[in-house]
Amino acid sequence: MLGGFILSKGYESFNNSETSFRKSALIQERIGLVSAHMYKQFLDYQHATMNATGIFAEMIDNLLAISESLKQSFAARGITTENIYVEHDKEKSVVVINILWHTISLTTRCNYEPQALFREGNTPLFSARIMAINGNYNELTKGVNSRSEIMKILLDKEIASLFVPADKAQNSIFKIKHLANREFFLNSTDASREFVLKVVETVCGGGLYHEEGSRKSFNI
Numbered sequence: 004m005l006g007g008f009i010l011s012k013g014y015e016s017f018n019n020s021e022t023s024f025r026k027s028a029l030i031q032e033r034i035g036l037v038s039a040h041m042y043k044q045f046l047d048y049q050h051a052t053m054n055a056t057g058i059f060a061e062m063i064d065n066l067l068a069i070s071e072s073l074k075q076s077f078a079a080r081g082i083t084t085e086n087i088y089v090e091h092d093k094e095k096s097v098v099v100i101n102i103l104w105h106t107i108s109l110t111t112r113c114n115y116e117p118q119a120l121f122r123e124g125n126t127p128l129f130s131a132r133i134m135a136i137n138g139n140y141n142e143l144t145k146g147v148n149s150r151s152e153i154m155k156i157l158l159d160k161e162i163a164s165l166f167v168p169a170d171k172a173q174n175s176i177f178k179i180k181h182l183a184n185r186e187f188f189l190n191s192t193d194a195s196r197e198f199v200l201k202v203v204e205t206v207c208g209g210g211l212y213h214e215e216g217s218r219k220s221f222n223i
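Residue 4 is where the sequence shown starts when you use my numbering, and the numbers rise one by one after that.
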C-alpha cells in the first residue's frame, strides 16, 4: 500500500510538472508576440521622433527667416518691429514667434509615448507630432506639471499639427484643427517650410472680433 501511495504521488508530481511546463510555454509564446509588437512600436517611435526633431530644427530656421522678412516689410511701411521676434529653448523643443499682436508657438513636447494617427478608412500611422498653438507655450503651461493637463491646454489652443512618420521617404500628414477631417501631405523636403508658412497665414491672415458671446476670430 505504501509503495502504491508513493507511486501515485510520483504520477501526480509528473502531471503537475507537465501542466506547469505547458503553461510556461503558452505564456512565453503569447508574451513573445506582445513584446515583438511593442518593440516594433518602440522602433517606429524612435525613428519618427528623430525625424520630427530634424524637421523642427528646420522650422526654427524658417521662422527666423519669416521674422526677418516681416521686419523688413513692416519697417518699409514705417511700423516699429520690436514686437516681431523668435525665441526657442535650448533643447529646441519649443519655439515662439511673436508677430505684432499675434503669438504662435510650435512644440514637440507632446510625444511622450508611441502613438498613431487615426485615419478614416486607412491604416493608423505611427508618428511623432509637431503642434502649432495660439499663444505663448511657456506662459500657457507655467506651473502645470501633469502631462494630461498640458495636453488639454495644447489641444484647446491647437492651430494645426504635423504628423511625422518613421520612414523619411513617407509623406508627413498636415492637419488644420478647423478642417479636422482633411489631410494634407508634405514630403520631408518641404514639410518644415510649408507647415510654418501655413500656420502663419492661418493666424495672421485672419482677424479678431470684438468679444460678443462666442465670436472670437475670422479669416479673410
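For each residue, glycine too, the CB sits at the ideal point set by N, CA and C. Model, not experiment: these values are computed from the prediction.
Q) With burial defined as no fewer than 16 other Cβ atoms inside 10 Å of the residue's Cβ, what is the status of D92: buried or exposed? A) Burial is judged here by how many other beta carbons sit within 10 angstroms of a residue's own beta carbon; D92 has fewer than 16 and is exposed.
(Q) Tell me which residues share the same chain as I153 and place their Cβ nearer than 7 Å to its Cβ, disregarding the 5 neighbours each side in the sequence. (A) T144, V147
Q.
How far does the beta strand (DSSP E) with A291 in it extend, from its first residue to its last?
A. Residue 291 is absent from the model: the chain starts at 4 and stops at 223.
Q.
I need the boundaries of the alpha helix (DSSP H) containing E123, first residue and last residue.
A. No alpha helix (DSSP H) holds E123; DSSP gives it neither H nor E.
Q) Just curious, the alpha helix (DSSP H) that I82 is in, first and last residue? A) Run containing I82: none; DSSP gives neither H nor E here.
Q) Looking at the structure shown, is Y212 part of a helix, part of a strand, or coil, going by DSSP? A) strand
Q | Cβ separation of K180 and A163, assumed to be a contact under 8 Å, to the nearest whole Å | A | 6 Å
Q | Alpha-carbon spacing of E3 relative to R33, whole angstroms | A | Outside the displayed span of the chain (4 to 223) sits residue 3, for which this structure offers no information.
Q: My understanding is that I87 touches L103, with C-beta atoms under 8 Å, so please give their C-beta distance in whole angstroms.
A: 7 Å
Q: Just mark A183 as buried or exposed, buried being the case when its beta carbon has 16 or more other beta carbons within 10 Å.
A: exposed
Q: Report back the beta-carbon spacing between F198 and M62 to the nearest angstrom; my notes put them in contact at under 8 Å.
A: 7 Å
Q. Counting along the chain, where does the beta strand (DSSP E) carrying E90 start and finish?
A. Unbroken beta strand (DSSP E) run through E90: 87-91.
Q. Is the CB-CB distance between G208 and S220 below 8 Å?
A. no
**Q.** Where N141 sits in the DSSP three-state scheme
**A.** helix
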